[in-house]
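*Asks:* Quick one: the structure is below, and I'll ask about it shortly.
Chains as they are written, first to last, in this note's numbering: chain A, 248 to 826; chain B, 22 to 352.
Below you can see the structure in the form of structure tokens.
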């Protein structure tokens with residue numbers, strides 16, 4: 248079999264595997280839903296993730312050791328990952344092929360020539376790594392914004408699969424929604440459409456992972472090259488060159504993605520994958536000048552403090568930004584989060600949402616909880632997000648740790664925030680309406696929401712008695728029949744309070760449970776009162792799961808809302824003494 | 022460029038173009054005429070699309086309306102309770118489609134008693150199949166995340182193992198309905214699509230404390246058929262429970278009082294909220310079942326306004342003693 252066909256099979260296989268991993272990352276009892284499948288495998292293979300997190304945390308989180316295999320193979324073979332495994336690269340190659348297939352050979356050769364601008368990806372890589380490297384001025388991990396594996400993972404998880412979740416009604420019970428998914432979609436579609444301008448545009452000009460592989464492939468033992476210098480100079484070898492690496496002349500090893508198209512297209516079989524260097528000469532170093540290197544490095548060094556001028560890690564932190572349970576303290580979290588969207592996809596309630604651009608580039612697409620959008624709040628017996636997080640930005644906590652039980656009983660439960668009542672909007676607090684849906688749904692035992700019973704005289708609730716017949720009181724005013732028959736209304740007179748069981752237009756009927764010794768006299772006043780259970784939050788118990796906020800019937804702006812204050816991941820977020 | 026001196030092709034071309042223009046104008050006019058709407062959008066309810074639920078109720082047999090079985094093993098007690106009402110054949114016919122509506126409101130473990138016991142569901146599914154049912158469906162619209170609820174409550178697995186079809190509350194399964202004579206259920210979405218095609222409906226629910234309604238039992242279980250922003254009904258909890266009992270006419274309800282939730286309801290969350298009362302209730306009438314069921318929580322029917330409202334509406338009687346309950350004890 249031709250080697251290009253083996254490469255195509257490999258690309259289709261890994262792309263399908265990748266999409267399959269995205270699809271199965273949902274919780275449920277269907278046979279295809281997540282078990283112990285290695286759905287993070289592509290992320291683990293990505294050495295830019297290991298390098299980035301190693302710079303920010305000075306550790307290599309254990310599953311990321313997978314990437315060492317890719318590093319070793321790249322050092323030996325060259326950029327095989329780009330041409331043979333990368334799901335994003337496969338997509339680019341396919342779209343580039345389809346979009347440009349009608350062009351003439353001369354046009355194709357022109358499209359696939361080497362361009363000086365291909366050095367931009369090295370500038371991006373150096374900038375992003377410099378931002379991650381210096382603890383003394385603050386480190387942050389922004390590689391995930393452009394790193395193709397997190398990018399394509401999040402694009403499929405959030406922007407693409409959710410469209411199918413909505414329409415095919417198979418992959419999810421409830422439709423998946425993501426606020427700001429459109430922006431991810433736009434970035435993804437733009438990256439794909441750029442292939443119509445130049446094939447593998449993203450790979451050649453932007454991809455920081457490709458740049459890293461380019462640097463690693465300097466010393467590759469095998470490499471593409473010409474077996475003799477002289478040839479007829481037809482340039483057919485550049486007709487379908489995926490890397491734009493100039494195989495006809497001084498081949499740029501750092502740009503070659505091992506597509507083998509040059510070997511396929513050379514009529515004289517002058518291209519080979521060999522241990523010796525190309526007879527036409529080769530350039531192993533990335534095409535970036537010393538000045539370019541220094542400028543991008545310096546830019547990166549200053550970029551981290553520059554993007555933090557909003558003081559969002561300090562006093563100006565955003566209380567609406569609630570992180571998933573088990574998330575590390577904010578600075579450590581930002582040192583690890585890839586914005587890959589795995590937590591957002593696995594979250595059964597769909598409440599883990601990508602943060603928007605409004606909180607700055609550093610928080611863009613990081614996971615935040617939105618208790619209004621999904622099917623419930625953070626489920627009390629769920630720790631899926633921490634189990635899937637590939638870099639442990641959200642730690643793989645156990646239920647015991649989340650609940651503060653068992654060996655964690657001394658440390659107490661993990662709190663994501665605290666619920667606050669908005670008494671201006673709460674029905675029992677401001678509108679004399681019974682409700683307490685929040686209390687009912689609080690998953691804790693004992694509940695973090697408790698109620699205190701009060702009886703309020705309703706508007707125009709003073710009624711003049713015409714006559715009374717033990718349990719039936721005839722009154723002067725006209726009432727809406729049945730309005731007070733719901734079991735929540737009471738008649739109060741002579742210091743007594745008796746439940747109303749029914750009412751007609753001019754009479755009310757009282758419960759026979761209580762012996763009525765003395766019926767109200769004609770001409771006296773009785774008051775109609777509503778029994779209210781007014782809810783309160785016990786700040787020592789509330790974990791900020793947001794089920795109350797999700798269930799609150801006052802939609803739009805809920806009458807109980809969770810704020811991140813009081814979250815346990817960082818001691819400076821505490822606000823209650825001893826809490 | 023056409024030959025300007027030759028007039029004939031120009032004329033022909035003009036006529037062809039004029040013909041095409043005429044057809045285009047006619048098509049635009051026809052489209053406008055077909056879609057013409059003099060009145061504009063009307064407000065209010067489109068009553069044509071509303072559905073009414075079939076009446077699943079069982080023909081009454083004197084002395085076989087409610088059975089109460091004492092015992093700790095749910096499988097044994099539920100079989101005995103059904104047997105005392107005349108046996109499963111009274112409720113399930115050959116080739117019928119049976120919908121079982123458990124309470125799967127919360128994503129919590131079965132041992133916390135906040136949801137219907139999965140073994141009980143599995144047993145009733147098997148009993149229905151043994152009686153010749155063609156298909157048994159288990160469905161609910163939980164409060165917490167549906168997939169998590171079916172998974173963690175163990176009901177999804179128990180139902181599937183007993184070969185029941187599990188139906189999740191997907192959007193397209195909801196149909197709007199209005200309760201004739203009701204005040205709250207008006208043009209409201211309910212999980213009705215599977216019920217419209219079903220022959221029988223069996224409700225199976227636990228006995229639980231409930232802060233707002235005092236107790237959640239078989240009548241409150243129908244709350245799980247409501248869709249939409251159903252939480253607004255808590256403002257008039259007694260009436261909505263009574264209206265649901267008026268709307269839904271089940272074949273049979275099974276009220277599981279083997280272990281009841283005494284405190285912190287309806288979510289519970291701790292085994293210390295539970296109390297063993299070792300009682301299984303089966304009834305063709307939910308008012309009767311709940312009137313007895315609430316006594317397990319130390320309540321009387323008069324403490325539950327929804328029972329008297331439902332009784333008033335003719336759904337059933339709170340005086341369960343008058344129905345001559347069949348009583349048995351299993352050692």
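Ideal Cβ positions, reconstructed from N, Cα and C, are used throughout, including at glycine.
Between residue 819 (chain A) and the rest of its own chain, which residues show a CB-CB distance below 8 Å, the 5 nearest in sequence each way excluded?
*Replies:* For the purposes of this step, residue 819 (chain A) is identified with residue 572 of the first chain, where counting begins at 1. The answer is none, since no qualifying residue turns up.
*Asks:* Mind the definition here: the stretch 482-494 of chain A touches the stretch 504-512 of chain A only if three or more C-beta pairs lie below 8 Å; say whether that holds.
*Replies:* Contact between the stretch 482-494 of chain A and the stretch 504-512 of chain A is present, because at least three Cβ pairs lie under 8 Å.
*Asks:* Can you tell me which of B:48, B:87, B:54 and B:55 puts its alpha carbon nearest to the alpha carbon of residue 344 (chain B)?
*Replies:* Within the second chain, numbered from 1, the residue matching residue 344 (chain B) stands at position 323. Selected option, being the one with the closest Cα: B:87.
*Asks:* Which of the three DSSP states, helix, strand or coil, is assigned to residue 230 (chain B)?
*Replies:* Start at 1 with the first residue of the second chain, and residue 230 (chain B) comes out as number 209. If DSSP states are grouped into helix, strand and coil, residue 230 (chain B) belongs with the strands.
*Asks:* Tell me which residues share the same chain as residue 708 (chain A) and place their Cβ nearer than 6 Å to its Cβ, disregarding the 5 neighbours each side in the sequence.
*Replies:* As a position in the first chain, residue 708 (chain A) is number 461, starting the count at 1. Answer for residue 708 (chain A): 774 and 775, listed in chain order.
*Asks:* Counting only beta-carbon atoms, is residue 327 (chain B) nearer than 9 Å to chain A?
*Replies:* Here residue 327 (chain B) is taken as the residue at index 306 of the second chain, counted from 1. It does; some Cβ of chain A falls within 9 Å.
*Asks:* Could you have a look at residue 676 (chain A) and say whether DSSP puts it in helix, strand or coil?
*Replies:* Working through the first chain from its first residue, we reach residue 676 (chain A) at position 429. If DSSP states are grouped into helix, strand and coil, residue 676 (chain A) belongs with the helices.
*Asks:* So the alpha helix (DSSP H) residue 135 (chain B) belongs to, where does it begin and stop?
*Replies:* Here residue 135 (chain B) corresponds to residue number 114 of the second chain, with the count starting at 1. Looking at the DSSP string, residue 135 (chain B) is not in any alpha helix (DSSP H), and its letter there is neither H nor E.
*Asks:* If you scan the stretch 377-448 of chain A from start to end, which runs of the alpha helix (DSSP H) of 4 or more residues do you find wholly inside it?
*Replies:* Segments of the alpha helix (DSSP H) lying fully in the stretch 377-448 of chain A: 390-393, 395-401, 408-415 and 428-440.
*Asks:* For residue 601 (chain A), which three-state DSSP category applies?
*Replies:* Within the first chain, numbered from 1, the residue matching residue 601 (chain A) stands at position 354. It is a strand residue.
*Asks:* If we call anything under 9 Å between Cβ atoms a contact, is residue 379 (chain A) one with residue 303 (chain A)?
*Replies:* On the first chain, position 132 is the one that residue 379 (chain A) refers to. On the first chain, position 56 is the one that residue 303 (chain A) refers to. Closer than 9 Å, so yes.
*Asks:* So what does DSSP say about residue 701 (chain A), is it helix, strand or coil?
*Replies:* One-based indexing of the first chain puts residue 701 (chain A) at position 454. Here residue 701 (chain A) sits in strand by DSSP.
*Asks:* Could you work out which residue in B:196, B:198 and B:175 is closest to residue 187 (chain B) when comparing CA atoms only?
*Replies:* Working through the second chain from its first residue, we reach residue 187 (chain B) at position 166. Out of B:196, B:198 and B:175, B:175 has the C-alpha closest to the C-alpha of residue 187 (chain B).
*Asks:* From the DSSP output, read off the bridge partner residues of residue 198 (chain B).
*Replies:* In the second chain, the residue the question calls residue 198 (chain B) occupies position 177. BP columns for residue 198 (chain B) point to B:209.
*Asks:* In chain B, which residues lie with their C-beta within 7 Å of the C-beta of residue 688 (chain A)?
*Replies:* What you label residue 688 (chain A) is simply residue 441 of the first chain in a count that begins at 1. Per Cβ cutoff of 7 Å: 164 and 288.
*Asks:* Counting beta carbon pairs with one atom in the stretch 398-417 of chain A and one in the stretch 587-603 of chain A, are three or more of them shorter than 8 Å?
*Replies:* The answer is yes - the stretch 398-417 of chain A touches the stretch 587-603 of chain A, with three or more Cβ pairs under 8 Å.
*Asks:* Name, going along the chain, the residues of the stretch 708-739 of chain A whose beta-carbon falls closer than 9 Å to a beta-carbon of chain B.
*Replies:* Cβ contacts with chain B: 729, 732, 733, 734 and 735.
*Asks:* Please report the distance separating the alpha-carbon of residue 113 (chain B) from that of residue 628 (chain A).
*Replies:* Numbered from 1 along the second chain, position 92 holds the residue referred to as residue 113 (chain B). Numbered from 1 along the first chain, position 381 holds the residue referred to as residue 628 (chain A). So the alpha carbons of these two residues sit roughly 37 Å apart.
*Asks:* Does the beta-carbon of residue 332 (chain A) have 16 or more other beta-carbons within 10 angstroms, so that it is buried, or is it exposed?
*Replies:* Sequence index remark: in the first chain, residue 332 (chain A) carries index 85 (1-based). The residue in question, residue 332 (chain A), is buried, as its Cβ has 16 or more Cβ neighbours within 10 Å.
*Asks:* Based on DSSP bridge pairs, tell me the residues matched to residue 750 (chain A).
*Replies:* Within the first chain, the letter at position 503 stands for residue 750 (chain A). BP columns for residue 750 (chain A) point to A:755.
*Asks:* Do you know offhand how far residue 204 (chain B)'s Cα is from residue 151 (chain B)'s?
*Replies:* What you label residue 204 (chain B) is simply residue 183 of the second chain in a count that begins at 1. What you label residue 151 (chain B) is simply residue 130 of the second chain in a count that begins at 1. Their backbone Cα atoms lie some 41 Å apart in a straight line.
*Asks:* Restricting to Cα atoms, I'd like to know which of B:295, B:293, B:288 and B:264 is closest to residue 336 (chain B).
*Replies:* Numbered from 1 along the second chain, position 315 holds the residue referred to as residue 336 (chain B). Of B:295, B:293, B:288 and B:264, the residue nearest in Cα terms is B:264.
*Asks:* Do residue 326 (chain B) and residue 311 (chain B) come within 9 Å of each other at the CB atom, strictly closer than that value?
*Replies:* Against the second chain, residue 311 (chain B) aligns to sequence position 290. Against the second chain, residue 326 (chain B) aligns to sequence position 305. No, the Cβ-Cβ distance between residue 311 (chain B) and residue 326 (chain B) is not below 9 Å.
*Asks:* Just how far apart, CA to CA, sit residue 258 (chain A) and residue 595 (chain A)?
*Replies:* Translated into positions along the first chain, residue 258 (chain A) becomes position 11. Translated into positions along the first chain, residue 595 (chain A) becomes position 348. Residue 258 (chain A) and residue 595 (chain A): Cα-Cα distance of roughly 31 Å.
*Asks:* I need the boundaries of the beta strand (DSSP E) containing residue 539 (chain A), first residue and last residue.
*Replies:* Taking the first residue of the first chain as 1, we reach residue 539 (chain A) at position 292. Per DSSP, residue 539 (chain A) belongs to no beta strand (DSSP E); it is in the alpha helix (DSSP H), 537-554.
*Asks:* So, does the stretch 268-284 of chain A touch the stretch 352-372 of chain A, judging by three or more C-beta pairs under 8 Å?
*Replies:* Touching, no, given that fewer than three Cβ pairs across the two stretches are closer than 8 Å.
*Asks:* To which residues of the same chain is residue 584 (chain A) closer than 6 Å at the C-beta, ignoring the five residues directly before and after it?
*Replies:* Walking along the first chain from the start, residue 584 (chain A) turns up at place 337. So the qualifying residues of the chain are 613 and 640.
*Asks:* Please list, in chain order, the residues of the stretch 343-377 of chain A that have any C-beta partner in chain B closer than 9 Å.
*Replies:* Against chain B - using a Cβ distance shorter than 9 Å - the stretch 343-377 of chain A contributes no residues.
*Asks:* Just the C-alpha distance for residue 161 (chain B) and residue 212 (chain B), rounded to the nearest angstrom, thanks.
*Replies:* Here residue 161 (chain B) corresponds to residue number 140 of the second chain, with the count starting at 1. Here residue 212 (chain B) corresponds to residue number 191 of the second chain, with the count starting at 1. In a straight line, the C-alpha of residue 161 (chain B) is about 8 Å away from that of residue 212 (chain B).
*Asks:* Anything in chain B within Cβ reach of residue 622 (chain A), meaning under 8 Å, just list it in chain order.
*Replies:* What you label residue 622 (chain A) is simply residue 375 of the first chain in a count that begins at 1. Simply 165, 166 and 167.
*Asks:* To the nearest angstrom, how far is the alpha carbon of residue 23 (chain B) from that of residue 42 (chain B)?
*Replies:* Position 2 of the second chain, counting from 1, holds the residue named residue 23 (chain B). Position 21 of the second chain, counting from 1, holds the residue named residue 42 (chain B). Only weak support is given to the placement of residue 23 (chain B): the predicted model assigns it a pLDDT of 49, under 50, and the value that follows is read from those uncertain coordinates. Cα-Cα distance, rounded: 21 Å.
*Asks:* Should residue 703 (chain A) be flagged as near chain B, meaning a C-beta pair shorter than 9 Å?
*Replies:* As a first step, residue 703 (chain A) is located in the first chain; it is residue number 456 there, counting from the start. Not an interface residue.
*Asks:* What does residue 808 (chain A) pair with, by DSSP beta-bridge criteria?
*Replies:* By 1-based counting over the first chain, the position of residue 808 (chain A) is 561. Residue 808 (chain A) is bridged to A:667.
*Asks:* Taking a cut of 7 Å between CB atoms, which residues from the stretch 285-316 of chain B lie near chain A?
*Replies:* Here the close residues are 285, 287, 288, 289, 290, 291 and 294.
*Asks:* May I ask you to check if the CB of residue 363 (chain A) is nearer than 8 Å to at least one heavy atom of the ligand GDP?
*Replies:* For the ligand GDP, the structure offers nothing, since it holds no ligand at all.
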